[in-house]
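J.:
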């Protein structure tokens with residue numbers, strides 16, 4: 018396998034890892050939200066896993082379709098059009114394509130995983146998870162259920 022093929026494979030792996038990580042964090046928020054709702058009704062947490070699994074599959078599928086070389090080119094403007102051109106011409110071995118492969122390979126080596134990490138989104142997901150976890154702890158500690166809430170509203 019040529020160096021450029023290995024580099025393109027590594028880029029795809031990195032993108033897939035980021036998709037899985039972001040999808041997992043988003044699904045964690047969904048799980049905790051359903052778990053909080055089910056806690057009010059004294060239903061076991063297993064039922065929160067059903068919509069979470071469905072959302073995780075949906076999110077991974079959606080993000081995988083969006084993810085690709087174009088995303089890398091948006092984050093790293095120096096690679097604009099070049100990365101996709103190299104990927105499209107992997108089977109060709111003329112002088113021009115080989116020159117482009119070497120040029121892109123040097124630029125790919127400078128691309129860091131941190132370019133694909135969106136700190137604000139990750140902070141948002143983690144903050145949401147902390148707040149929902151604390152709410153779940155509060156509801157279970159106080160032994161609050163739906164009947165108590167309804168009676169409290171009616172007076």
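In the numbering used here, the protein residues as written are 18 to 172. Ideal Cβ positions, reconstructed from N, Cα and C, are used throughout, including at glycine.
Do you know whose CA, among 75, 78, 125, 119, lies nearest residue 94's CA?
T.: By 1-based counting over the chain shown, the position of residue 94 is 77. The option with the nearest alpha carbon to residue 94 is 125.
J.: Kindly give me the distance between the Cβ atoms of residue 49 and residue 149, rounded to whole angstroms, as I take these residues to be in contact under 8 angstroms.
T.: Counting from one through the chain shown, the residue named residue 49 turns up at place 32. Counting from one through the chain shown, the residue named residue 149 turns up at place 132. With 8 angstroms as the limit, residue 49 and residue 149 qualify as a contact, their Cβ atoms being about 4 angstroms apart.
J.: Apart from the five residues on each side of it in sequence, which residues of its chain come closer than 8 angstroms, Cβ to Cβ, to residue 190?
T.: Since the first residue of the chain shown is 18 and the last is 172, residue 190 is not available in this structure.
J.: By the three-class DSSP mapping on this structure, what secondary structure does residue 97 have?
T.: On the chain shown, residue 97 is found 80 positions in, with the first residue counted as 1. Here residue 97 sits in coil by DSSP.
J.: Hey, is the segment 71–79 in contact with the segment 20–30, meaning 3+ C-beta pairs nearer than 8 angstroms?
T.: The answer is no - the segment 20–30 does not touch the segment 71–79, with fewer than three Cβ pairs under 8 angstroms.
J.: In chain order, what residues of the same chain lie with their CB nearer than 7 angstroms to the CB of residue 52, ignoring the 5 residues before and after it?
T.: Here the question's residue 52 lines up with position 35 in the chain shown. So the qualifying residues of the chain are 62, 65, 153.
J.: Of all the options 36, 99, 121, which has the alpha carbon lying nearest to the alpha carbon of residue 82?
T.: Locating residue 82 in the chain shown gives position 65, counting from the first residue. If we check each option's Cα against that of residue 82, 36 comes out closest.
J.: How many angstroms separate the CA atom of residue 159 from the CA atom of residue 136?
T.: Looking up residue 159 in the chain shown gives position 142. Looking up residue 136 in the chain shown gives position 119. So the two alpha carbons sit approximately 34 angstroms from each other.
J.: Taking residue 123 as part of the alpha helix (DSSP H), name the residues at either end of that continuous run.
T.: The residue given as residue 123 occupies position 106 in the chain shown. Taken as a continuous stretch (DSSP letters only), the alpha helix (DSSP H) holding residue 123 covers 112–126.
J.: Is residue 30 helix, strand or coil by DSSP?
T.: As a first step, residue 30 is located in the chain shown; it is residue number 13 there, counting from the start. The answer is helix: DSSP assigns residue 30 an H, G or I state.
J.: Starting from residue 152 and walking both ways along the alpha helix (DSSP H), at which residues does that stretch end?
T.: For this step, residue 152 is matched to residue 135 along the chain shown. It spans 136–159 - the alpha helix (DSSP H) in which residue 152 sits, taken as one unbroken run.
J.: Assuming residue 107 contacts residue 86 (C-beta within less than 8 angstroms), just tell me the rounded distance between them.
T.: As a first step, residue 107 is located in the chain shown; it is residue number 90 there, counting from the start. As a first step, residue 86 is located in the chain shown; it is residue number 69 there, counting from the start. Not quite, the Cβ-Cβ distance comes to about 12 angstroms (not below 8 angstroms), so this is no contact.
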